[in-house]
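Under UniProt numbering, the residue at position 139 of the sequence shown is numbered 139, and the numbers go up by one with no gaps.
Glycine included, C-beta positions come from ideal geometry on N, C-alpha and C.
Note that this is a predicted model, so its numbers are computed, not measured.
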Amino acid sequence: MTFLLKNKKVLFKQFKAIADKKKSVTDRDIHALIQGTEHEQNAIYQVETLQLQFVSSGLQSAVVVIKDNEGNTYQDSSIGTGSIVSIYNAVDRIFNKETELIDYTIDSVTEGTDAQGEVHVQLKINDQIVTGVGIDHDILLASCKAYVEAHAKYAANTSKKEGIHS
């Protein structure tokens, strides 16, 4: 399999981060890293920061900061009955869109507790179906990346800044 790598420095930095977290880096890890890097390089919006507060006997909260490809940042926070719900509520608020989550799946890229997770989401926004993929060691961050990618695809199919607020 051959890949054309746009930003080798970014890819190497991310490879080093994976190597620091894992005992061994497999071919599947590298393949997922390249896929994830390609998604991020082509993205209109990227997750800049994700901050969560988990309380076992209450509502969860999330603060999400998204950066667009022009360097502008957008931030919002929300609460929810779970960490994923609070993350997705915050992203919906940033994009000023009501969405319906149609499908959510998590797959491990490799085996073991240090495996990267790959999250796939399918959303319905204004009667349009969009999908997103996120890859990260942290499943919550991968979930946020996937959801933001789906919103970004919707934005790319409409006016790029439609509804986003700062």
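For residue i, the nearest candidate out of the options (CA to CA)
i, options, result
"F95", "L59, D68, G80 and S108", "D68"
"L50", "G117, S57 and S61", "S61"
"F100", "V121, T81, V109 and T110", "According to the sequence shown, residue 100 is Glu rather than Phe. Out of V121, T81, V109 and T110, V121 has the C-alpha closest to the C-alpha of E100."
"I135", "I106, Y45, L123 and L59", "I106"
"S108", "A43, V133 and K124", "V133"
Distance between residue j and residue i (C-alpha atoms, nearest Å)
i, j, result
"D103", "V119", "10 Å"
"H151", "G112", "31 Å"
"I87", "C144", "7 Å"
"N72", "E48", "11 Å"
"A155", "E98", "13 Å"
"Y45", "S57", "33 Å"
"S77", "L140", "15 Å"
"G80", "I66", "19 Å"
"Q53", "H137", "18 Å"
"K153", "Q128", "10 Å"
"N89", "V55", "17 Å"
"L70", "A43", "The sequence shown places Glu at residue 70, rather than the Leu named in the question. Whole-angstrom Cα-Cα distance: 11 Å."
Cutoff 7 Å; reference residue i; Cβ partners in own chain excluding five residues on either side
i, result
"T158", "none"
"G82", "Q60"
"R93", "D76 and S78"
8 Å Cβ cutoff met for residue i and residue j
i, j, result
"V91", "V148", "yes"
"A146", "G117", "no"
"Q75", "V64", "yes"
Neighbourhood of residue i by C-beta, 6 Å cutoff - its chain only, sequence neighbours within 5 removed
i, result
"N126", "none"
"K124", "E100 and I102"
"L4", "Residue placement at L4 cannot be trusted, given a pLDDT of 48 that sits under 50; the coordinates are not used to answer."
Subject >> Length-filtered (4 minimum) alpha helix (DSSP H) runs lying within the segment 43 to 126 >> reply: Whole alpha helix (DSSP H) segments, 4+ residues: 83 to 95.
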